[in-house]
Structure formats: structure tokens, C-alpha cells
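Trainee: First the structure, then my questions, so here it is.
Numbering (this note's numbering), first residue to last: 761 to 842.
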């Protein structure tokens, strides 16, 4: 299962949520505003606890920067290959 770290109301987070749902990828949304550990993971990867989309899958963390069809499809290819 994929964990999506973000904050409610975050536009890029919502895009990633829809993408994962459309692709049938099971995921759990982790609210960084309510989970200090999640906020720390985001901050370590993107520099701020509320300024990025971070996915955790297969034991690793990955920041999705510049959420776009190209970046999401590139992530999907890595996910499917991994």
C-alpha cells in the first residue's frame, strides 16, 4: 500500500489522490497537520512540513515535485517496475 503524506486542501495532494484512485492503487492519506512524524518526513524531503507531496511505498519515500501528468506517469512507471 502507498502512503500519501500531505495536508487537507492541498491542490497537488488532491491531484495525486485522484490519480492513485483512478489507477486503482490502494493508498492511505496521512494528514501532516495531525501527524508530527508525517510533517517531519515531508520537511526532510521538501524543506517544509506543508509544502509538498510525499509518497511512501516499498520502504522508501519520494517527493513528487511539480505535480503534472508527466511526473505522475513517471512515478507510476517506477511503482509498477518496483
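Note that the Cβ used here is the ideal one computed from N, Cα and C, for glycine as well.
Tell me, which residues are paired with residue 824 by DSSP?
Mentor: Residue 824 is bridged to 813.
Trainee: Taking the DSSP output, what are the residues bridged to residue 764?
Mentor: DSSP, once it has assigned bridges, lists 789, 815 as partnering residue 764.
Trainee: Helix, strand or coil: which one does DSSP assign to residue 783?
Mentor: coil
Trainee: Cα separation between residue 838 and residue 829?
Mentor: 14 Å
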